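Q: When you line the sequence shown up against the working numbering, it's residues -16 to 103, in that order. For every residue, glycine included, the Cβ atom is placed at its ideal position computed from N, Cα and C. This structure is a prediction, so every number in the text was calculated from the model and none was measured. Take this structure first; my questions come after.
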Amino acid sequence: MDATSETQHGRLQITEAECAMFQNAVELVGGKWNGAILLALGRGATRFTEIRAEVDGISARLLAARLRLLEGHALVVREVIASHPVQIRYTLSQSGSELVRVLIPLVPWGSRWGITADGR
-16 MDATSETQHG RLQITEAECA MFQNAVELVG GKWNGAILLA LGRGATRFTE
34 IRAEVDGISA RLLAARLRLL EGHALVVREV IASHPVQIRY TLSQSGSELV
84 RVLIPLVPWG SRWGITADGR
């Protein structure tokens, strides 16, 4: 959808299929911790412990589950590095990087509309 065909008579021009895709994307990103994990990866965290340190309050078990979910949606790449001990590195995929770039404008939007860091 380009900016010129975005609205007609003040209404979004979006098909039912596009509406469903939008809803699924919002639910994925809006899942608890998912956005914070993506941002931690976007800010340079690559190891499990680094990501956990960036995402305040997440348990190791939940972080592992969320990383698997995000990997399953091809937003995160898990790389096993053959060393002793074996190392695991997480990075954003191309689509994950694109998603983070799309989400960044939520920061000034949240600031403008009174969304605070503690969610109030």
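Which residues mark the beginning and the end of the beta strand (DSSP E) in which L75 is found?
A: As a first step, residue 75 must be located in the sequence shown, where it is residue number 92. Where L75 is concerned, the enclosing beta strand (DSSP E) stretches over 70 to 75.
Q: State the DSSP-derived secondary structure class of V60, mapped to helix, strand or coil.
A: For the purposes of this step, residue 60 is taken as the residue at position 77 of the sequence shown. In this structure, V60 counts as strand in the three-state DSSP scheme.
Q: Which value, in whole angstroms, describes the spacing of the CA atoms of L58 and H(-8)?
A: Position 75 of the sequence shown, counted from the first residue, corresponds to residue 58. Position 9 of the sequence shown, counted from the first residue, corresponds to residue -8. So the two alpha carbons sit approximately 36 Å from each other.
Q: Distance check for T99 and S66, CA to CA, integer angstroms please.
A: In the sequence shown, the residue the question calls residue 66 occupies position 83. In the sequence shown, the residue the question calls residue 99 occupies position 116. Roughly 42 Å separates the two Cα atoms.
Q: In three-state DSSP terms, what is R169?
A: No answer is possible for residue 169: the residues shown for the chain start at -16 and end at 103.
Q: With 16 other CB atoms within 10 Å as the buried threshold, where does W92 fall?
A: Reading the sequence shown from its first residue, position 109 is the one you call residue 92. Under this definition W92 is an exposed residue.
Q: From R30, E(-1), A36, L52, pick the residue whose C-alpha is nearest to that of G105; which is it?
A: What is shown of the chain runs -16 to 103, which leaves residue 105 out entirely.
Q: On a Cα-Cα basis, can you pick out the residue from V9, R30, I41 that is closest to V83?
A: As a first step, residue 83 must be located in the sequence shown, where it is residue number 100. For V83, the nearest C-alpha among the options comes from V9.
Q: For the segment 60 to 74 and the segment 24 to 35, state whether three or more C-beta atom pairs, one from each stretch, are separated by less than 8 Å.
A: Contact holds: three or more Cβ-Cβ distances are below 8 Å.
Q: Which parts of the segment 28 to 59 are runs of the alpha helix (DSSP H), unbroken and 4 residues or longer, counting only runs that do not cross its ends?
A: The qualifying runs are 31 to 37, 43 to 55.
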